[in-house]
Amino acid sequence: MFTQDWAVDDTDKGQPLYQMIHNTLYHRIVSESLKPGDHLLECFLAEDMKVSRTPVRKAIIRLEKEGLVRRKRGRAIVESVSCQDIEDTLEIRSALEKLAISDGVCHVTQEGIQCMERANEDFCRTLARGDVLASVEADEAFHDIIYQLSDNRTLLKLIRDFESTMYRFRVRALNTLTAGSWFRNMRPLSRD
C-alpha cells in the first residue's frame, strides 16, 4: 500500500504506542513526505506498522484535533494549508507573543538574554546551511524562551496547544524561503 518504511518512531519507549504512532505520522506530515490530500487508511497503517488499529485510530484522532488531517469513514486525509490558514494562525500567534513579551519584560535576566542570543545564532547558522528542520527547532527554542519568561501558565498552555500548527507552517515557510536568497542576509541579534 505505502512506498514508505512505516517503522514507528520509538525514540521514547516510555510513551504509549498511539503517541509513538502519532509522532511518526506527525513528522511525515510536517516534513511533507505525506502530502496534502494523501489518504491514511487505518487498516493499512496498522498492518504496515505491525500494530492493531486502536492505537492508529487514537493517533489519527489526535492529528485531527491538531488540524493536520480530517477523518472520513475509517480513513484520514492530510489537510492542505491555505494562505488564509497561515495568515489567521500568524495573527493569533502574534497576539499571544505580544502578551508573552509584555509579561516577560519584567522577568528577563542576563541569562535569559544570553539564551535568546544563542538560540538566534543557532537559527541563523542552521538556516544558512539550509537545514530547515534544525532551523525550525532553533526558532522554536528562541520563542520558547520568550514564552517561559512570561511566567503565565495559561498563556503557556495556549501556546503549547498551538505549536503543532505553527511547526507545520514554519517548516513550509522556511522550505519556501530557503529557496530564495533572503536568508543569506540573516544576522544574529545584536544588543546595539
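The opening residue of the sequence shown carries number 1 in full-length UniProt numbering; numbering runs sequentially from there. By construction, the Cβ of each residue, glycine as well, lies at the ideal position given by its N, Cα and C atoms. As the structure is a computational prediction, the values presented were derived from the model and not from experiment.
Report the CB separation of residue 37 from residue 69 in whole angstroms; it is logged as a contact under 8 angstroms. Your numbering for residue 37 matches position 37 in the sequence shown. Your numbering for residue 69 matches position 69 in the sequence shown. Rounded, the Cβ-Cβ distance is 11 angstroms, inconsistent with contact.
Boundaries (first-last residue) of the alpha helix (DSSP H) holding residue 72: As a working mapping, residue 72 is identified with position 72 in the sequence shown. Here residue 72 belongs to no alpha helix (DSSP H); instead the beta strand (DSSP E) covers 69 to 72.
Name the two residues that bound the continuous beta strand (DSSP E) containing residue 41. Here residue 41 is taken as the residue at index 41 of the sequence shown, counted from 1. Unbroken beta strand (DSSP E) run through residue 41: 39 to 41.
9 angstroms Cβ cutoff met for residue 41 and residue 75: One-based indexing of the sequence shown puts residue 41 at position 41. One-based indexing of the sequence shown puts residue 75 at position 75. Against a cut-off of 9 angstroms, the Cβ pair of residue 75 and residue 41 comes out as a contact.
Please classify residue 78: does DSSP put it in a helix, a strand, or coil? Walking along the sequence shown from the start, residue 78 turns up at place 78. Three-state DSSP puts residue 78 in a strand.
Use the C-beta contact count for residue 66: other C-beta atoms within 10 angstroms, 16 or more gives buried, fewer gives exposed. Taking the sequence shown and counting its residues from 1, one reaches residue 66 at position 66. Per the 10 Å Cβ criterion, buried.
Does the distance from the C-beta atom of residue 142 to that of residue 89 stay below 9 angstroms? The residue labelled residue 142 in the question sits at position 142 within the sequence shown. The residue labelled residue 89 in the question sits at position 89 within the sequence shown. No.
So, with DSSP's three-state summary, where would you put residue 223? Lying before the first or after the last residue shown, residue 223 is absent from the chain, which here runs from 1 to 192.
With distances taken from CA atoms, which of 151, 130, 155 and 59 is nearest residue 108? The count along the sequence shown starts at 1 and reaches residue 108 at position 108. Checked all of 151, 130, 155 and 59; the closest Cα to residue 108 is 151.
Would you say the beta carbon of residue 51 is closer than 8 angstroms to some non-hydrogen atom of the ligand FMN? The ligand FMN is absent from the structure shown, which contains no ligands of any kind.
Rounded to the nearest angstrom, what separates residue 13 and residue 19 at their Cα positions? Mapped onto the sequence shown, residue 13 falls at position 13. Mapped onto the sequence shown, residue 19 falls at position 19. Spanning the two alpha carbons is a distance of roughly 10 angstroms.
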